[in-house]
Structure formats: C-alpha cells, structure tokens
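Enquirer: Chains as they are written, first to last, in my numbering: chain A, 166 to 360; chain B, 166 to 360. We put the beta carbon where it would ideally sit given N, CA and C, even for glycine. Computed from a prediction, not measured in an experiment: that's the story for all the values here.
This is the structure:
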C-alpha cells in the first residue's frame, strides 16, 4: 500500500487485519496523532490504556510493548519506533476542552470529532471513545504527579510501526491542538503492510 | 444516613443527588476501593480519568480537586481527605486480570463484576465501565514510567468526602485483590450527607 496522507487537523479510518502492520509517519516532524481501535465487528471491545498500564506495569510504551483491550486481549504490538515518546493518559481533545482550556467561543476541529467521524461506519458514537494512544505526543509525569506537555520529539520522517493482534477498526487523527504540537498543526501519514 | 458497610470483596450501588456528600471510610485500615459514576439517567456521561488529568494538570487528586465526566462537566469535588493517596490509572480488576497476572484458574471476585452488578439497574454492562477512581489505592509512577503498587496508607477510620456536582448513579467496590490491599481483603463503609 502506498503512503496515505492525513491532512493537518483531519482524521482517517481503516481496517487492519490480524498480522498486518500499520506504520504511522510524521512527515514534517513535531506533529502528534491520536489512535483508537475497536475489535472489527464488536465495538464492545476497545483499546484500554488502563489494562495496558496494568499488564505492562508502566505508563510509557515503545518497541516490544503490547497494547491491550478492555477485555484483556492483545490488540496491537509496537514492533518499531523511531521516537520512543508517546502519551496514553490524555483523552482526545474536544470542543469542550478548547472552550475550557483556551476560552474559545467559536468552532474548532478536535481529535474527538475526527475519531468519531472516522469510526462512524462502525457505530462508534463520541461517548464510546476510549483514551487514545497519543503517538508522538510528549507528556511527562513529574515526581509530584503534575503533567507537563512538551512539543513532540519526532523529526521529519520518524515513524512508529504497530502489528495488529486481531482484526481491528482503527481511527486516526492528526491532532488539531497548537499546544501539543509546538505551535503549528501539520499532516500525518500512514501505510499498511500485508499480513 | 447511617454508616453502611460494604463487606470485603463486595460492592454497592447508590444514588447521589447534586450537592449531597459521600463519605467513604476505611473501617479497619489498609483497604482500597473502586468508585465509578454515571450521570443519573444518562449512562453516556461517565467519570473520565483522562479529562480529569487534563483539567487538573495532574495524576494525583485530593482535597479541592474536581473529577470530570467524559463530556467535560464536573461530577465530583473532593472536599475532605484524610489519606491523600489515591489511584486513577488502573482499570477495575477483572477475572481475566487474575488469570493473566496471578495464573488463577478458578473463579475470583473482582471490582469489575462488583461494579457491574451494582450498576446493573442503570443498564451499565461491563464493557461500558470506565477506569474507576481507586480511592485509598497506592500506586505511584516512577521517573521512568514504571508503576509501583504499595499497600494503602489509610489507617482505621480514615475517610475521603466527595460532593456530587450533578445527580449521579454511583458504583462502589471493596477491592478483592490481595496485591493492592497489603495481603488481606477487608470491608469498606460509606455514608451520605443531605444536600
């Protein structure tokens, strides 16, 4: 499959079959994205940060780590990672978040809207969206528990590769937040390798 | 209302009206519990650790902190807290967790089962359960992201008090895990104060 571009501030949905690999690329550098997954054909099984934290015994994931479903089944394994810096704590940004955090009054694209549109064919409404795997997003826990967001450390062309451990419906979003992306929103890209 | 005991390894469901306060007590000390909430009459709005992390800018919550819903509305405010040590990262323990982490082959009570039974009248199935507020549970993030669970620091009679910011359906569980509770499972208790 050729490399597909997700335009800045937009999203994409895709099917990933068991054994296929999804390569997520930051074409220009410094851009983060959101990834959520549901078992193909069964949206009661979804990507769970809490189960992944528990089985991994840690908050930060990179090559070799497994991301689990709410039903404790492996969904994705990270098989390659140029960046090694991702977040799995923050919910997808939403219009309410932009209003509360930034005082915005008008409209604004959000990862929650992007993911909801991308997964609409599967019947995934916004209120069913779990916490995404925020790839390339740099958020670190300080010793006192405070959370500090920094610009993504991904450089142009950096990628992370995930292997599907079951058939998956995947939603992706090129995060529209200036705050998480060093002050400018940029495209992302992906490609799928055969089983 | 008088103090209600939740027996060791069991759960309870309750209605909390806006303005009412819920006092959660550790009668014997060293026991943690799980709390989840949904908006009364609308299970599409639920307690969200990720939104709470984002708006609070931190992972650890105590007196004065607000716990938010997935729709960015305040659900609960912590108004008093003898312990100051709670977890909001781990999913509710489940039978699959006991099998994977401890190699268990038989049955075992779990917070997920307790919460599902407690919230059954509201149509909350297990797959809709968000990450609970794990009160009195001691889990700390190490600088490298590793998670370390220690016995709860709550002493006999210690309590946390939460004020409802909307009408809520609340599920509680006295956690049946030996690992999170210093090697023995014990009861919890609660009382509700008027609006």
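Note down, in chain order, every chain B residue with its Cβ under 7 Å from the Cβ of residue 216(A).
Expert: Going along chain B in sequence order, the residues near residue 216(A) (Cβ under 7 Å) are 256.
Enquirer: Name, please, each residue of chain B whose Cβ falls closer than 8 Å to the Cβ of residue 267(A).
Expert: Chain B residues near residue 267(A): none, gap ~12 Å exceeds 8 Å.
Enquirer: Using a Cβ-Cβ distance cut-off of 9 Å, determine whether residue 308(A) contacts chain B.
Expert: Judged by the 9 Å Cβ criterion, residue 308(A) is in contact with chain B.
Enquirer: Can you tell me which of the three DSSP states residue 332(B) falls into?
Expert: Looking at residue 332(B) - three-state DSSP - the assignment turns out to be coil, as it is neither helix nor strand.
Enquirer: Taking the Cβ atom as the reference point for each residue, do residue 296(B) and residue 256(B) lie within a distance shorter than 9 Å?
Expert: For residue 296(B) and residue 256(B), yes; Cβs fall inside 9 Å.
Enquirer: Given a threshold of 16 other Cβ atoms within 10 Å of its Cβ, counted over all protein chains shown, does residue 290(A) qualify as buried or as exposed?
Expert: That one is exposed.
Enquirer: Determine the direct distance from the alpha carbon of residue 185(A) to that of residue 356(A), and round the result to whole angstroms.
Expert: Their Cα atoms are separated by approximately 10 Å.
Enquirer: Distance cutoff 9 Å, beta carbons only. Does residue 222(B) sit that close to anything in chain A?
Expert: With 9 Å as the cut-off, residue 222(B) counts as an interface residue toward chain A.
Enquirer: Any idea what DSSP makes of residue 204(A), helix, strand or coil?
Expert: Three-state DSSP puts residue 204(A) in a strand.
Enquirer: Can you pull the chain B residues whose beta carbon is under 7 Å from the beta carbon of residue 262(A), in chain order?
Expert: In chain order: 219 and 237.
Enquirer: Just checking: is the beta-carbon of residue 270(B) within a distance shorter than 9 Å of some beta-carbon in chain A?
Expert: It does not: the Cβ of residue 270(B) has no partner Cβ on chain A nearer than 9 Å.
Enquirer: Quick one: what's residue 323(A) bridged to in DSSP?
Expert: According to DSSP, which records beta bridges pairwise, residue 323(A) is partnered with 191(A).
Enquirer: Under 9 Å between the Cβ atoms of residue 226(A) and residue 212(A)?
Expert: Contact flag unset, no.
Enquirer: Indicate whether the contact test is met: 3 or more Cβ pairs, each with one atom in the segment 347-354 of chain A and one in the segment 171-179 of chain A, closer than 8 Å.
Expert: Judged by Cβ distances under 8 Å, the segment 347-354 of chain A makes contact with the segment 171-179 of chain A, as three or more pairs qualify.
Enquirer: Once the 5 residues before and after residue 307(A) are set aside, which same chain residues still bring their CB inside 7 Å of it?
Expert: Same-chain partners within the cutoff: 313.
Enquirer: Could you compute how far the alpha carbon of residue 214(A) sits from the alpha carbon of residue 220(A)?
Expert: Cα to Cα, residue 214(A) sits roughly 10 Å from residue 220(A).
Enquirer: Under 7 Å Cβ to Cβ from residue 318(A), same chain only, skipping five residues before and after it: list those, please.
Expert: Hits under 7 Å: 248, 250 and 303.
Enquirer: Please report the distance separating the alpha-carbon of residue 293(A) from that of residue 208(A).
Expert: Approximately 9 Å between the Cα atoms of the pair.
Enquirer: Under a CB-based cut-off of 9 Å, is residue 213(B) close to chain A?
Expert: Interface residue, yes.
Enquirer: Can you tell me whether residue 311(B) is buried or exposed, with buried defined as 16 or more other CB within 10 angstroms of its CB?
Expert: Exposed: under 16 other Cβ atoms inside 10 Å.
Enquirer: Can you tell me the Cα-Cα spacing of residue 235(B) and residue 265(B), whole angstroms?
Expert: Cα to Cα, residue 235(B) sits roughly 29 Å from residue 265(B).
Enquirer: Using the three-state DSSP reduction, which class does residue 246(B) fall into: helix, strand or coil?
Expert: Strand at residue 246(B).
Enquirer: DSSP three-state call for residue 183(B): helix, strand or coil?
Expert: Note: residue 183(B) maps to coil in three-state DSSP.
Enquirer: Using a Cβ-Cβ cutoff of less than 8 Å, which residues in the same chain neighbour residue 360(B) once the five nearest sequence positions on both sides are dropped?
Expert: Counting only Cβ-Cβ distances below 8 Å, and skipping sequence neighbours, we find 182, 183, 184 and 185.
Enquirer: What is the residue span of the beta strand (DSSP E) that residue 356(B) lies within?
Expert: Residues 353-358.
Enquirer: Taking residue 192(A) as the reference, give the member of 206(A), 179(A), 201(A) and 168(A) with the closest Cα.
Expert: Nearest option by C-alpha distance: 168(A).
Enquirer: Assuming the contact rule is C-beta atoms closer than 8 Å, residue 299(A) and residue 230(A) should be a hit. Round their C-beta distance to whole Å, please.
Expert: Actually they do not touch by this definition, with Cβ atoms about 15 Å apart.
Enquirer: From the DSSP output, in three-state form, read off residue 238(A) for me.
Expert: In this structure, residue 238(A) counts as coil in the three-state DSSP scheme.
Enquirer: If you follow the beta strand (DSSP E) that residue 300(A) is in, where does it begin and where does it stop?
Expert: Its beta strand (DSSP E) spans residues 298-300.
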